[in-house]
Amino acid sequence: MQQKIEKTKIVDQPTLSSIVSPKPKGKGPGLLLVDDNYHEGYLRKTTQNFSEEGYCVSSLALPSSTNKELLQELLLSNIEELKNHQDQAGKVGAIFYINSLCSELLEVSAKFCECTIIYSQSVPIGSSSLDLQPDSTICHQTTESKGHSSITNFVYADQKTRFFDYNSDSFDKPSASIAYSRTLGFLKRKLGPIYDLQELWEQHTIFEFSERNVDKTMDTMVSEPYVNHIPTMTGGVGYEGLHHFYTNHFVNSNPPDTKLIPVSRTVGVDRLVDEMIFCFTHTCEIPWMLPGVKPTNRYVEVPLVAIVNFRGNKLYHEHIYWDQASVLVQIGKIDPALLPVVGIDSARKLLNENLPSNELINK
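Encoded structure:
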């Protein structure tokens with residue numbers, strides 16, 4: 080649908096960014112980001128993040144004094160520019176990080192975009208009169224309120240308006256992460272792109288454990304990834320930090336007989352959860368799991384869970400959990416007779432639920 084709008088003289092000029100193509104390269108669905116101009120720093124970083132998700136991204140930082148007519152003109156102009164960009168392929172969506180004039184923004188995006196996401200204090204005032212298609216709009220809000228029947232609302236009741244903004248004093252990482260995953264799931268369902276997360280993860284683990292190639296492992300990750308082994312707080316943040324960790328403390332530090340036994344796998348929108356049993360003989364120091372502990376030559380089997388987050392077709396971060404007490408029991412560093420802990424039996428019962436339960440309780 081084409082629409083001609085008479086140009087309005089712009090007194091308070093908004094900040095218009097150049098369109099950022101999908102990374103590392105290629106074409107992708109279009110995505111327009113709109114925020115208040117005093118949040119330009121957040122907008123710039125978020126634009127880069129969504130380009131890594133596979134979107135062709137344009138952003139618009141609005142002046143606080145923008146009136147309705149100018150606002151709609153700016154929005155339509157940016158949507159048209161985005162649709163005509165050489166690296167935009169497919170449909171276009173919009174994300175609004177703004178409280179004021181949401182209804183005015185929705186009037187345009189409802190006509191020219193496949194879907195709209197709103198981060199707002201509450202559902203936009205006046206939205207009930209908007210002509211919205213079913214399942215076309217979601218709203219992340221901090222105040223519970225009734226709105227348009229076609230808007231799906233997610234309420235973050237304990238948070239402030241900019242809870243999603245890592246540059247804000249009100250930033251809340253857990254809520255921001257959940258909101259981002261909900262946004263991404265909605266975008267992928269409406270616009271794409273869809274990646275095979277299982278294939279990406281399996282390729283990553285081949286480079287880690289089979290080929291033991293640090294550079295190939297890093298190539299499967301975003302430019303600034305991180306890894307956190309929760310029980311020992313080992314890992315690395317950023318390319319240089321993680322590359323150093325992989326080189327000196329992980330990829331070449333696992334015993335030769337290291338083996339992973341898959342137990343279950345759950346695949347989400349931007350995360351994969353692998354439940355497995357990690358098996359090895361403690362023939363060398365393992366800095367990431369047993370830092371500073373000399374080899375005991377004892378065999379270990381321990382349940383391990385990996386929560387792997389993706390950004391587009393690359394790994395972004397890994398959170399790895401295991402029962403450190405079980406490992407220490409199996410290498411002889413903890414006496415299970417003195418504490419409510421177990422050794423290899425926890426791994427054996429994971430594979431066979433019919434093994435005895437409650438033995439620690441019934442001691």
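With the working numbering applied, the sequence shown corresponds to residues 80 to 442, in that order. All C-beta atoms, glycine included, are put in the ideal place defined by N, C-alpha and C.
Where residue i sits in the DSSP three-state scheme
{"i": "N307", "result": "strand"}
{"i": "K442", "result": "coil"}
{"i": "I89", "result": "With a pLDDT of 36 at I89, under the threshold of 50, the modelled position of this residue cannot be trusted; read the value that follows with caution. I89 falls in the coil class under three-state DSSP."}
{"i": "Y325", "result": "helix"}
{"i": "E223", "result": "coil"}
{"i": "N232", "result": "strand"}
{"i": "V189", "result": "It should be pointed out that residue 189 corresponds to Ala in this sequence rather than to Val. In the structure shown, A189 sits in a helix (DSSP, three-state: H, G or I)."}
{"i": "E131", "result": "helix"}
{"i": "K124", "result": "helix"}
{"i": "I158", "result": "helix"}
{"i": "H164", "result": "coil"}
{"i": "G105", "result": "coil"}
{"i": "S332", "result": "coil"}
{"i": "G315", "result": "strand"}
{"i": "D424", "result": "helix"}
{"i": "G320", "result": "helix"}
{"i": "E119", "result": "helix"}
{"i": "E432", "result": "coil"}
{"i": "K338", "result": "strand"}
{"i": "A404", "result": "helix"}
{"i": "L180", "result": "coil"}
Contact with chain C by residue i, beta-carbon distance below 9 Å
{"i": "M368", "result": "Absent here is chain C; the protein component of the structure consists of one chain."}
Exposed unless 16 or more other CB atoms sit within 10 angstroms - verdict on residue i
{"i": "V379", "result": "buried"}
{"i": "T345", "result": "exposed"}
{"i": "Y235", "result": "buried"}
{"i": "E397", "result": "buried"}
{"i": "P435", "result": "exposed"}
{"i": "N441", "result": "exposed"}
{"i": "H227", "result": "buried"}
{"i": "A49", "result": "Outside the displayed range of the chain (80 to 442) lies residue 49, so it cannot be described from this structure."}
{"i": "F233", "result": "exposed"}
{"i": "N246", "result": "exposed"}
{"i": "H328", "result": "buried"}
{"i": "S138", "result": "buried"}
{"i": "G120", "result": "exposed"}
{"i": "Y176", "result": "buried"}
{"i": "S289", "result": "exposed"}
{"i": "M300", "result": "buried"}
{"i": "E148", "result": "exposed"}
Whether residue i touches residue j by CB criterion (9 Å)
{"i": "C135", "j": "A168", "result": "yes"}
{"i": "R268", "j": "H219", "result": "no"}
{"i": "T221", "j": "I196", "result": "no"}
{"i": "Q200", "j": "T240", "result": "yes"}
{"i": "E193", "j": "L270", "result": "yes"}
{"i": "Y318", "j": "S343", "result": "no"}
{"i": "T362", "j": "P370", "result": "no"}
{"i": "L110", "j": "L122", "result": "no"}
{"i": "F265", "j": "A255", "result": "no"}
{"i": "L150", "j": "L180", "result": "yes"}
{"i": "T326", "j": "Q403", "result": "no"}
{"i": "P142", "j": "N116", "result": "yes"}
Span separating the alpha-carbon of residue i from that of residue j
{"i": "L161", "j": "K106", "result": "12 Å"}
{"i": "K428", "j": "N292", "result": "34 Å"}
{"i": "I309", "j": "L383", "result": "11 Å"}
{"i": "P101", "j": "E132", "result": "7 Å"}
{"i": "I273", "j": "L394", "result": "14 Å"}
{"i": "T284", "j": "L430", "result": "22 Å"}
{"i": "I340", "j": "K295", "result": "23 Å"}
{"i": "K412", "j": "L276", "result": "38 Å"}
{"i": "Y259", "j": "V372", "result": "40 Å"}
{"i": "E354", "j": "D336", "result": "19 Å"}
{"i": "A426", "j": "V306", "result": "24 Å"}
{"i": "V387", "j": "W280", "result": "8 Å"}
{"i": "H322", "j": "S188", "result": "43 Å"}
{"i": "Q409", "j": "M297", "result": "32 Å"}
{"i": "P419", "j": "L439", "result": "6 Å"}
{"i": "K190", "j": "L154", "result": "12 Å"}
{"i": "N128", "j": "R350", "result": "16 Å"}
{"i": "W367", "j": "N146", "result": "56 Å"}
{"i": "I356", "j": "G315", "result": "23 Å"}
{"i": "S130", "j": "V99", "result": "7 Å"}
{"i": "N376", "j": "T360", "result": "6 Å"}
{"i": "D91", "j": "E152", "result": "With a pLDDT of 47 at D91, under the threshold of 50, the modelled position of that residue is not reliable, and the figure given next carries that caveat. Straight-line Cα distance between these residues: approximately 14 Å."}
{"i": "P304", "j": "F389", "result": "10 Å"}
{"i": "V421", "j": "L184", "result": "58 Å"}
Residue i: CB within 8 Å of a non-hydrogen atom of the ligand MN
{"i": "T231", "result": "Ligands in the displayed structure: none, and consequently the ligand MN is not present."}
Any beta strand (DSSP E) of 3 or more consecutive residues that is wholly inside the stretch 241 to 310:
300 to 308
Those runs of the beta strand (DSSP E) which lie wholly inside the stretch 341 to 391 and span at least 3 residues:
350 to 360, 378 to 390
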